[in-house]
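Down below is the structure, laid out as structure tokens.
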Amino acid sequence: MGDQVLLCDLSMGSHVNLALADPGHRPQLAEQYECAGRSDLDGAIRDFLKRKDNPRLKGAAVSSRGWEDDGIIHLPEGNMTLSRDELRQLLDIQRVNLVNNFVARALAIPSLKRNERSKICGGENAEETVIAVLGPHYGLGLAALVADGAGGWTALPGEGGHSDLPVKTDREWAVLKVMQHRFGNVSREMGISLNGLVAVWETLSLIDGVPVTTTDAAGVVERARAGDRRALEAIGIVTDWLAGMASDVALIMGARGGIYLTGALLDLIDDLFDAERFCRGYLNKGTFADYVHDIPVFRTTARQMEITGLATLF
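The working numbering puts the sequence shown at residues 3 to 316.
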């Protein structure tokens with residue numbers, strides 16, 4: 003039996019991140035390959051292992067934005083699938099773990115270093131309780147970690163990003179009505195994600211009678227940095243919705259171990275993230291404001307959390 007494990011993350015669109023790790027140890031930063039399809043993935047794995055002198059593997063773990071069903075991962079782009087049996091044959095191993103990429107992110111939380119997270123608000127986290135991980139990314143990820151009583155954690159996946167988007171102000175209601183007209187049912191993910199930021203900005207433009215131009219989330223943030231009012235308002239509304247969901251999750255899960263915010267949207271917004279505004283929205287829970295006030299909220303700054311989380315499976 004070999005000494006290392008192969009870690010493979012397919013959560014970043016047309017790229018794959020690959021790393022090796024010693025079981026029980028945190029991996030180094032992964033190497034990135036182009037991956038437009040299944041043949042590219044197999045070629046990337048072969049090339050990566052060849053350059054690492056073809057180590058004999060103990061096992062492998064794969065995270066993806068898709069979903070696992072009976073030993074097969076279905077990726078959302080390109081109708082690509084990846085089966086556990088195919089990986090066993092490719093790598094000549096038996097142990098292969100297939101997990102959702104956000105579950106992998108959640109598994110990384112307990113191993114974060116102090117400089118890989120920053121506290122936004124709240125009190126002190128309770129030990130040996132529930133941790134909730136919330137991430138506006140390409141979608142809106144949600145997972146929980148439950149202490150097992152023996153120093154370890156069990157990850158619980160969730161699809162909370164597809165729950166209905168609630169609103170609290172007249173402006174938010176106006177945005178929601180237009181989004182319902184454009185898209186039908188509006189989930190939280192449709193407002194709190196990279197694409198969600200664009201949708202909110204476009205909707206504000208329609209409400210204000212301004213022609214909508216094609217852009218992406220980076221374009222909205224660039225406009226905000228230049229002082230564009232609607233772009234700044236879009237970021238503010240998305241922040242309010244994220245804050246409301248964070249405190250909802252804290253209440254629903256009893257997540258006294260803390261709420262961790264992570265994902266590409268927060269990385270993109272970076273210093274435009276208004277922590278004070280977030281905290282006001284997070285604490286807006288009426289008679290249960292004191293309850294959520296005691297639950298800390300952290301923002302992660304670690305890189306390649308999926309790879310770090312996959313390593314914990316071994």
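C-beta atoms are modelled at their ideal positions from N, C-alpha and C, and glycine is treated no differently. All values derive from a computational prediction rather than experimental measurement.
Would DSSP call residue i helix, strand or coil?
i: Met181; result: helix
i: Tyr140; result: coil
i: Asp325; result: This structure does not reach residue 325, given that the chain is present from 3 up to 316, and the question cannot be answered.
i: Asn117; result: helix
i: Gln30; result: coil
i: Cys10; result: strand
i: Asp87; result: helix
i: Leu315; result: coil
i: Ala134; result: strand
i: Met3; result: The predicted model places Met3 with a pLDDT of 48, which falls under 50 and marks its position as unreliable; any figure quoted below should be read in that light. It is coil, neither helix nor strand.
i: Val212; result: coil
i: Gly15; result: coil
Buried or exposed: where does residue i fall if 16 or more other Cβ atoms within 10 Å of its Cβ makes it buried?
i: Ala134; result: buried
i: Asn56; result: exposed
i: Leu31; result: exposed
i: Asn117; result: exposed
i: Gly143; result: buried
i: Ser120; result: exposed
i: Leu167; result: buried
i: Gln91; result: exposed
i: Ala83; result: It is worth fixing the name first, because residue 83 is Thr in this sequence and not Ala. When all chains shown are included, Thr83 counts as exposed.
i: Gln182; result: exposed
i: Arg58; result: exposed
i: Asp296; result: exposed
i: Val214; result: exposed
i: Met3; result: Only weak support exists for where Met3 lies, its pLDDT of 48 falling under 50; the value from the coordinates is given anyway. The residue is exposed, with fewer than 16 neighbouring Cβ atoms inside 10 Å.
i: His27; result: exposed
i: Asn187; result: exposed
i: Asp210; result: exposed
Please name the residue, chosen from the options, that lies closest to residue i on a Cα-to-Cα basis.
i: Ala128; options: Thr264, His183, Gly259; result: Gly259
i: Leu285; options: Thr303, Asp273, Leu274, Leu253; result: Leu253
i: Lys60; options: Lys115, Met82, Ile95, Asp210; result: Ile95
i: Ala226; options: Phe275, Ala110, Arg119; result: Phe275
i: Leu2; options: Gly137, Asp42, Gln34, Val64; result: Absent from the structure is residue 2, since the part of the chain shown begins at 3 and ends at 316.
i: Thr156; options: Leu147, Tyr262, Gly163; result: Leu147
i: Asp273; options: Met255, Val223, Gln306; result: Val223
i: Pro159; options: Ser195, Asp87, Glu70; result: Glu70
i: Tyr293; options: Gly256, Phe300, Phe280; result: Gly256
i: Thr264; options: Asp250, Asn187, Thr289, Ala304; result: Ala304
i: Leu123; options: Ala277, Ala201, Glu308; result: According to the sequence provided, residue 123 is Cys. The question's Leu does not apply to it. Comparing Cα positions, the closest option is Ala277.
i: Arg301; options: Thr310, Leu244, Thr314; result: Leu244
Going by DSSP, what residues sit across from residue i in a beta bridge?
i: Ile194; result: Paired residue(s): none; Ile194 is not in a bridge.
i: Trp155; result: Ala149
i: Leu22; result: Leu8
i: Asp166; result: Ser189
i: Gly160; result: Leu144
i: Asn99; result: Ala63
Against chain C, does residue i count as a neighbour if the rule is that its beta carbon must be under 8 Å from one of theirs?
i: Trp203; result: Absent from the structure: chain C. Only one protein chain is present.
Beta strand (DSSP E) runs wholly inside the region 32-84, at least 3 long, in chain order: Here the runs fully enclosed are 33-36, 59-66, 69-71, 74-76.
Continuous beta strand (DSSP E) assignments of at least 3 residues falling wholly in the region 231-312: Look at the region 231-312 and you find these whole runs of beta strand (DSSP E), each 3 residues long or longer: 261-263, 299-302.
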